[in-house]
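K.L.:
Okay, handing you the structure first.
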Amino acid sequence: MTVTKYAAKFTQLSRYAPNVVADEQMRVEQFQEGLRLNIRAQVAPFMLHTYSKVVARALVIEREIEETQRLRSRNSRFGGSQKRERDFKH
Numbered sequence: 000m001t002v003t004k005y006a007a008k009f010t011q012l013s014r015y016a017p018n019v020v021a022d023e024q025m026r027v028e029q030f031q032e033g034l035r036l037n038i039r040a041q042v043a044p045f046m047l048h049t050y051s052k053v054v055a056r057a058l059v060i061e062r063e064i065e066e067t068q069r070l071r072s073r074n075s076r077f078g079g080s081q082k083r084e085r086d087f088k089h
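Note that the sequence shown covers residues 0 to 89 in numbering that gives the first Met the number 0.
In structure tokens:
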């Protein structure tokens, strides 16, 4: 599930459990816990204190992960990463 879809679902479901997200810190913690591990691991070190900042950071990280995967996929289709050898004159 994308971060955008997760955030929408989180907001929708949090209406039914207001005690779980009673304050901003609880909301942040609950949201982070539900993120995919690869995104959560990169969001947590920022120690963000607002829900909107956590969502924004998670979106940036998700885009970076997707871009990295896209580049790796493109490189593998074209024979992997090619290292250029350079001639050095001594």
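From the three backbone atoms N, C-alpha and C, an ideal C-beta is built for every residue, glycine too.
Note that the coordinates shown come from a computational prediction; the quantities given were computed from them, not determined experimentally.
Does DSSP put residue 67 in a helix, in a strand, or in coil?
P.N.:
helix
K.L.:
Starting from residue 39, follow the alpha helix (DSSP H) in both directions and report where the run begins and ends.
P.N.:
36-42
K.L.:
Who are the Cβ neighbours of residue 54 in its own chain at under 6 angstroms, not counting the five residues just before and after it?
P.N.:
6
K.L.:
With 16 other CB atoms within 10 Å as the buried threshold, where does residue 43 fall?
P.N.:
Exposed, since its Cβ has fewer than 16 Cβ neighbours within 10 Å.
K.L.:
Residue 19: beta carbon under 7 angstroms from a heavy atom of the ligand MN?
P.N.:
In the structure on display, the ligand MN does not appear, and there are no ligands present to speak of.
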